[in-house]
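Its first residue numbered 109, the sequence shown is counted upward by one per residue in the working numbering.
We put the beta carbon where it would ideally sit given N, CA and C, even for glycine.
Since we're looking at a predicted model, the values are computed, not measured.
Beneath this line is the structure, given in structure tokens, with notes to follow.
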Amino acid sequence: MTLRDSTRRAPWKRCSSQCRNSRGRTRRATRWWSTAYGESRILGWSRMKVLFFTTAYEPQMEVQVVHQEFLQRLRERGCEVSILTSLSGRTRAAGFVWEEAAGIPICRYPLRGRPLEEWLNFLSERLLHYDGFLTILRRYLAYFRRHPWPDLIHVESAYPLGAVAAIAQRAVPVPYVINVRGADLFNEPGARFGYARYPVVRALLRRAFRFAAASRATTPQTEGIIRSYGAPPERVRMIPRNIRDECFPEDPERLRAECRAEVVGAHNLPEGNRILIAAGRLLPVKGFDTLLQALAQVQQHLPGWTLLLCGATRRDPAAGDYRTYLERLAGNLGLGSQVVFTGELPATRFTRYLAASDLVVVPSVREGSNKVLMEGAALGVPFVATSTTGAVDFFREPPGGLIVPPMDPAALAEAILLLLKEDALRLRLGQEAARVAGRFRSAQVAEEMLRLYHEVLGSHTGKRLLSGRADR
Numbered sequence: 109m110t111l112r113d114s115t116r117r118a119p120w121k122r123c124s125s126q127c128r129n130s131r132g133r134t135r136r137a138t139r140w141w142s143t144a145y146g147e148s149r150i151l152g153w154s155r156m157k158v159l160f161f162t163t164a165y166e167p168q169m170e171v172q173v174v175h176q177e178f179l180q181r182l183r184e185r186g187c188e189v190s191i192l193t194s195l196s197g198r199t200r201a202a203g204f205v206w207e208e209a210a211g212i213p214i215c216r217y218p219l220r221g222r223p224l225e226e227w228l229n230f231l232s233e234r235l236l237h238y239d240g241f242l243t244i245l246r247r248y249l250a251y252f253r254r255h256p257w258p259d260l261i262h263v264e265s266a267y268p269l270g271a272v273a274a275i276a277q278r279a280v281p282v283p284y285v286i287n288v289r290g291a292d293l294f295n296e297p298g299a300r301f302g303y304a305r306y307p308v309v310r311a312l313l314r315r316a317f318r319f320a321a322a323s324r325a326t327t328p329q330t331e332g333i334i335r336s337y338g339a340p341p342e343r344v345r346m347i348p349r350n351i352r353d354e355c356f357p358e359d360p361e362r363l364r365a366e367c368r369a370e371v372v373g374a375h376n377l378p379e380g381n382r383i384l385i386a387a388g389r390l391l392p393v394k395g396f397d398t399l400l401q402a403l404a405q406v407q408q409h410l411p412g413w414t415l416l417l418c419g420a421t422r423r424d425p426a427a428g429d430y431r432t433y434l435e436r437l438a439g440n441l442g443l444g445s446q447v448v449f450t451g452e453l454p455a456t457r458f459t460r461y462l463a464a465s466d467l468v469v470v471p472s473v474r475e476g477s478n479k480v481l482m483e484g485a486a487l488g489v490p491f492v493a494t495s496t497t498g499a500v501d502f503f504r505e506p507p508g509g510l511i512v513p514p515m516d517p518a519a520l521a522e523a524i525l526l527l528l529k530e531d532a533l534r535l536r537l538g539q540e541a542a543r544v545a546g547r548f549r550s551a552q553v554a555e556e557m558l559r560l561y562h563e564v565l566g567s568h569t570g571k572r573l574l575s576g577r578a579d580r
């Protein structure tokens with residue numbers, strides 16, 4: 109008999125109602141929930157219930173495809189998955205809105221539009237450097253007062269969501285696992301980037317990692333940063349991010365040939381030109397200005413190439429509209445005809461642009477991971493990337509590309525020149541990159557994350573189970 113088939117309420121539902129009754133009974137409810145969870149798991153009564161807590165989950169976002177594939181793989185392995193996220197745009201909705209995508213229930217809360225939310229968002233921006241922080245905290249607490257509790261919460265970012273889960277931990281004692289993206293930990297004042305530039309954010313990050321049942325680093329570099337915030341080393345696990353399944357075609361060579369003809373025709377590129385691709389939000393931290401300076405040096409030694417620069421523009425406090433700034437810089441460097449600004453591309457179309465390219469260039473000042481490098485590798489496209497790009501650590505041995513220091517146009521130009529000139533080296537590095545990239549498949553990443561979830565719940569349940577029985 110499963111717990112769902114019995115006439116009594118499931119332990120996570122009973123605990124939720126107990127916590128609603130009064131603030132004074134929270135501690136008893138916490139102990140009862142943990143004990144009941146442990147006993148139900150031991151007796152095999154229920155499937156693991158995972159709540160995926162994320163800032164946004166929209167159809168037009170490429171990251172939704174990545175998350176959806178990951179969550180579907182969890183479901184295939186027996187997990188019950190649901191999503192808690194915000195409603196996009198301004199709305200007068202007062203409560204939660206439920207919908208479903210690919211069989212996964214999604215609970216959305218309004219983030220802006222009503223006077224109370226606008227006031228809280230104003231305070232959040234001024235005090236906590238994240239518009240919406242206090243509204244998210246308020247909605248997070250409300251969700252757990254009204255809905256069944258999961259076994260575990262997957263928190264998709266250390267800041268703001270990890271901080272929200274930590275602040276609410278006494279009221280919502282469900283174990284949470286933080287997935288670290290990178291930007292939420294960075295402190296790059298020169299590039300005007302990273303929430304950790306602010307002391308209050310650094311304090312909240314330390315709290316988030318202290319209370320987290322586990323923290324998932326997506327690269328060795330982010331693993332080190334997590335530990336620097338005081339996360340217990342035994343609770344930090346390095347598991348790479350997954351990339352979309354369509355980045356692993358059955359016949360890569362055929363796909364690349366088709367895509368190359370398509371992209372050359374779409375942009376009227378000269379036949380025989382080498383195609384370089386760089387992508388990301390147009391911001392100073394991405395290092396695209398360094399790339400253009402490097403390409404001015406490449407042009408002096410080797411013409412016959414085109415750069416596809418893909419990504420939506422952003423406004424920078426110093427430079428203004430950053431695409432306009434980069435276009436002006438390219439013109440001043442004499443590169444105007446060789447740099448194509450494509451704007452933001454849909455995920456499937458961007459995959460085809462990657463497949464059409466000869467070389468991926470990642471000139472970032474700092475990157476937590478970099479999915480463009482990883483997706484290009486899966487397609488057999490080698491890279492030139494900065495040493496501060498987290499994903500390069502997966503491709504050091506065997507190498508999948510060349511690694512250079514950040515903000516060094518001369519070193520970047522030298523590496524690009526070498527790979528444009530040496531066809532055999534470029535081919536060999538692309539093949540090695542494709543072999544390494546197999547570990548980024550959604551199925552494999554889901555398997556590793558599921559093992560982490562089981563370890564977290566086993567450890568958490570064991571401690572609570574002993575505590576609960578001692579107090580009976």
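Limits of the alpha helix (DSSP H) - the one that residue i falls within
i, result
"E370", "360-375"
"T456", "455-464"
"R439", "The question names Arg, yet the displayed sequence has Gly at residue 439. Unbroken alpha helix (DSSP H) run through G439: 430-440."
"V468", "That residue, V468, is in no alpha helix (DSSP H); its beta strand (DSSP E) goes 467-470."
"I591", "The displayed coordinates of the chain run from 109 to 580. Any statement about residue 591 would go beyond what the structure contains."
"A402", "396-409"
"G484", "479-486"
"Q176", "170-184"
"V272", "271-275"
Where the beta strand (DSSP E) through residue i begins and ends
i, result
"W257", "Careful: W257 lies outside any beta strand (DSSP E) and carries neither H nor E."
"E188", "188-194"
"G538", "Not the beta strand (DSSP E): G538 falls in the alpha helix (DSSP H), residues 531-544."
"V447", "447-451"
"F161", "157-161"
"T414", "413-418"
Beta-carbon contacts of residue i that lie in its chain and below 7 Å, excluding the five residues immediately before and after
i, result
"P268", "Y238, F241, I244"
"H562", "none"
"Q408", "none"
"E519", "Looking at the sequence shown, residue 519 is not Glu but Ala. Closer than 7 Å at the Cβ level, and outside the excluded window around A519, lie V512, P513."
"E166", "Q172, S196"
Same chain only: Cβ atoms within 6 Å of residue i, ignoring 5 sequence neighbours per side
i, result
"V280", "F252"
"F478", "Checking the sequence shown, residue 478 turns out to be Asn, not Phe. Taken in chain order, the residues that qualify are V470, T497, A499."
"E271", "Correcting the residue type first, residue 271 is Ala in the shown sequence and not Glu. So the qualifying residues of the chain are L312, A316."
"G542", "Gly is not the amino acid found at residue 542; the sequence shown has Ala there. These residues qualify, in order along the chain: G488."
"R247", "Y217"
"P357", "L363"
"L527", "L467, R534"
"A551", "R181"
Reduced DSSP category for residue i - H, G, I as helix; E, B as strand; rest coil
i, result
"I524", "helix"
"L510", "strand"
"T330", "helix"
"R220", "coil"
"R234", "helix"
"R421", "First, the amino acid is wrong: residue 421 is Thr here, not Arg. It is a strand residue."
"A427", "coil"
"A291", "coil"
"A387", "strand"
"R310", "helix"
"R504", "strand"
"E555", "helix"
"L249", "helix"
"T199", "coil"
"F356", "coil"
Chain-order list of residues whose beta-carbon lies under 8 Å from that of residue i (same chain, five-residue window excluded)
i, result
"S495", "I511, V512, P513, P514"
"E370", "R460, A464"
"A291", "F301, G302, Y303, G476"
"S232", "Y238, D239, G240, F241, L242, T243"
Beta bridge counterpart(s) of residue i as assigned by DSSP
i, result
"P213", "E208"
"S323", "I286, V344"
"T494", "V512"
"A519", "None, per the DSSP bridge assignment."
"H262", "F160, V285"
"R382", "W413"
"F301", "E296"
"E225", "E225 pairs with nothing; no bridge assigned."
"E475", "T497"
Check whether residue i and residue j have beta carbons under 8 Å apart
i, j, result
"N287", "F548", "no"
"R436", "Y430", "no"
"V489", "L467", "yes"
"L182", "A493", "no"
"L195", "L219", "yes"
"R590", "L481", "Residue coverage of the chain in this structure runs from 109 to 580, which leaves residue 590 outside it and unanswerable."
"F161", "E264", "yes"
"G419", "R389", "yes"
"E540", "P507", "yes"
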